[in-house]
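Structure record follows, encoded as structure tokens.
2 protein chains.
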Amino acid sequence: MSPAPVDDPPRGHIIPIGGAEDRHDDRTILRAIVELAGGSDARIAILPTASRMKDTGARYVEVFDELGVADAVALPLAERSDGEREGYVRELERATAIFLTGGDQLRLSTILGGTTVFKTIRRRNAEGVHVAGTSAGAAIVPEHMLAGGGSGPTPRFTLAQLAPGLGLTNRIVVDQHFSERDRLGRLLTAISLNPFLIGLGIDEDTAAFIGPDDVLEVVGSGAVTVVDPSEIVHNSVAEARTGDPVSMLGLRVHLLAAGARYDLVDRMASTA
Amino acid sequence: MSPAPVDDPPRGHIIPIGGAEDRHDDRTILRAIVELAGGSDARIAILPTASRMKDTGARYVEVFDELGVADAVALPLAERSDGEREGYVRELERATAIFLTGGDQLRLSTILGGTTVFKTIRRRNAEGVHVAGTSAGAAIVPEHMLAGGGSGPTPRFTLAQLAPGLGLTNRIVVDQHFSERDRLGRLLTAISLNPFLIGLGIDEDTAAFIGPDDVLEVVGSGAVTVVDPSEIVHNSVAEARTGDPVSMLGLRVHLLAAGARYDLVDRMASTA
């Protein structure tokens, strides 16, 4: 699972999950996170900020407990002043993995953007702590976050809304519930805006485990769609008006199921 | 003008201009750029890529020539393959300043995003070369680029479209033609999405000269509006629907005319 470290210390894994990961049966994705984070010695800090439901944090504490993690704690950050609380920062300082739940990614960015809690997560990931997020928690992981948009397979100007995210990597933009909610068009729209980005469309119950060497490995029951626009020869988004379809010629696309890998630096895909 | 260098080597200045800078009379802004870049020894590379007009590059060559710069050259990058041309990269390697003209910022990001030309501009700025951009060329300077949107004073969800920019700094988001086109609402919308950003609304014929120490100084006939959302206590953008006005409580705003400064790290404003 974990590729050889390339930095000293190696960055922690970055783990966007497409939402609706299995929490009752095999729990393949959550189990792989626990293993990376130290197994029964793992210390997992859960941020339920994206969610408007009160029990989201407690539910994940329960699931991690069932997976043998005695030290999982939910940090109920709900307003901006919570992002400065010393107690929460202390939990992040001692965690071996940090987990961002689903909900609305704009709640995460507006409540936590620029706070000490977000800065601490960035630093801890650089120091080797793993950061996983599901659904909204997956969208916010990169510097450029898909904040919202419409459905359908065709890219159209204004189909995707971007916002600044947590910034653990700036190579990718992440969409989630990808096949289930027909989001190819909005992922393509997002990467049409600047082809330095690589688009990751992540299905439900599927995760991209991005190692410190920027190689991702797919875990889970669905697929990760990788869209690499670096070789496109034409892209009409600068000419398109609201609602117009956008031409994009020369995209490279990979459909990756469990065990397949993709190198975000070399832009090369491989099977297990 | 130029604050004391703090790095070794110090980064070059980053100079977003609000568009429609004077090119015929005092030419205060362009003259200040020439002075920073070495006066009559300056070597200025001009990228007219944002513009659809054929003579945009040649016009700036003429203006810089009138200001005593014999070595100003326009690089007519018009499609993605141009972003890999060795001749253009060579000009950027020898330039003391790089100038991005106005037009459409999505032309810049879609044609040059991820190309060797853009990577070279990033590296050259880190090495000490000054990068100035006017209008569209100003919008693309940061990591988070205001790509488009509507007018009016009130922030509304979807009033601002963000896209990935050139990435010389990730502290700011820039809007231009700011007073002239009534763009306060869209700048506020952009920073509402993640309050780690500082918004700069730059009037026409006005520039923010951002030094290597991240202190900006205003040059020109208008004002720079600085909006700092770091102390906001409430922000409703995550709850807003398309077109709804967004509440933002606790913004700090500075109106800076020529000579005034703002420290992007300490978030403190001062007069000359």
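For the record, the sequence lines run as chains A and B. According to the numbering used here, the residues represented by the first sequence are -9 to 262, in order. According to the numbering used here, the residues represented by the second sequence are -9 to 262, in order. For every residue, glycine included, the Cβ atom is placed at its ideal position computed from N, Cα and C. Note that the structure is predicted; figures quoted are calculated from it, not measured.
Check                                                                                                                           : Outcome
Beta carbon proximity, Ser153(B) to chain A, threshold 7 Å                                                                      : A quick correction: the sequence has Ala, not Ser, at residue 153(B). Chain A, which has a Cβ nearer than 7 Å to the Cβ of Ala153(B), makes this yes.
Proximal residues of chain B, C-beta to C-beta of Val223(A) below 9 Å                                                           : Glu69, Arg70 and Ser71
Beta-carbon proximity of Phe186(B) to Gly155(A), cut-off 7 Å                                                                    : no
Close beta carbons around His244(A), own chain, < 7 Å, minus the five adjacent residues each side                               : Val216, Tyr252 and Ala259
Short-range partners of chain B found in the segment 178 to 199 of chain A, where Cβ spacing is below 8 Å                       : Ser182, Leu183, Asn184, Pro185, Phe186 and Leu187
Beta-carbon proximity check, Ala35(A) vs Ile88(A), cutoff 7 Å                                                                   : yes
Three-state secondary structure assigned by DSSP to Val63(B)                                                                    : strand
Contact with chain B by Val227(A), beta-carbon distance below 7 Å                                                               : yes
Rounded separation between Glu117(A) and Arg33(A) - CA only                                                                     : 15 Å
Of the residues Leu239(A), His3(A) and Ile188(A), the one placed nearest Gly123(A), counting alpha carbons only                 : His3(A)
Sequence ranges, alpha helix (DSSP H) only - wholly within the segment 32 to 104 of chain A, length at least 4                  : 46 to 56, 76 to 84 and 95 to 102
The segment 194 to 201 of chain B / the segment 137 to 157 of chain B touching (three or more Cβ pairs under 8 Å)               : no
Local conformation of Ala10(A) per DSSP, three classes                                                                          : coil
For Val121(A) and Pro(-7)(A), the rounded distance between their alpha carbons                                                  : Confidence is the limiting factor: at Pro(-7)(A) the pLDDT is only 48, short of 50, which leaves the residue's position unreliable, though a coordinate-based value still follows. When rounded, the distance between both Cα atoms is 16 Å.
Ala60(B) CB to nearest heavy atom of the ligand HEM below 6 Å                                                                   : Absent from the structure shown: the ligand HEM. Ligands present: none.
Proximity winner among Ser182(A), Asp61(A) and Asp204(A), relative to Glu220(A) (alpha-carbon distances)                        : It is worth fixing the name first, because residue 220(A) is Ser in this sequence and not Glu. The shortest C-alpha separation from Ser220(A) is found at Ser182(A).
Rounded straight-line distance, which links the Cα of Asp256(A) to that of Leu174(B)                                            : 41 Å
is_contact[Leu37(B), chain A] using C-beta, thresh 7 Å                                                                          : no
Residue-chain proximity (Ser237(A), chain B), Cβ-Cβ < 7 Å                                                                       : no
Residue closest to Phe168(A), alpha-carbon to alpha-carbon, out of Arg97(A), Pro6(A), Leu96(A) and Gly240(A)                    : Pro6(A)
Exposure label - Arg114(B); buried when at least 16 CB within 10 Å                                                              : buried
Rounded straight-line distance, which links the Cα of Arg13(A) to that of Gly212(A)                                             : 15 Å
Beta carbon proximity, Gly233(A) to chain B, threshold 7 Å                                                                      : no
Minimum Cβ-Cβ distance from Leu96(A) to chain B less than 7 Å                                                                   : yes
Per-residue burial, Ser141(A) [other beta carbons within 10 Å of its own, 16 or more giving buried]                             : exposed
Ser260(B), DSSP secondary structure in three states                                                                             : strand
With 16 other Cβ atoms within 10 Å as the buried cut-off, status of Val224(B)                                                   : Residue identity differs from the one stated: residue 224(B) is His in this sequence, not Val. Flag for His224(B) reads exposed.
Neighbourhood of Gly189(A) by C-beta distance below 6 Å, restricted to the same chain and skipping five residues each side      : Val163, Leu177, Ile181 and Val217
Residues, ordered as in the chain, of the segment 205 to 222 of chain A that lie near chain B by beta-carbon distance below 9 Å : Pro219, Ser220, Glu221 and Ile222
7 Å Cβ cut-off: residues of chain A touching Ser99(B)                                                                           : Leu183 and Asn184
Chain A contact residues for Ala137(B), given Cβ-Cβ distances below 7 Å                                                         : Leu183
C-beta neighbour in chain A for Leu246(B), strict 7 Å                                                                           : no
Chain-order list of residues whose beta-carbon lies under 7 Å from that of Val227(A) (same chain, five-residue window excluded) : Phe147, Ser182, Leu183 and Val236
Rounded separation between Leu98(A) and Ala262(B) - CA only                                                                     : 38 Å
Close Cβ partners of Ile130(A) (< 7 Å) along its chain, the five nearest in sequence each way excluded                          : Leu90, Gln95, Leu98, Ser99, Gly123, Gly155 and Leu156
Cross-strand partners of Gly249(B) (DSSP beta bridge)                                                                           : Answer by DSSP bridge pairing: none, since Gly249(B) is not bridged.
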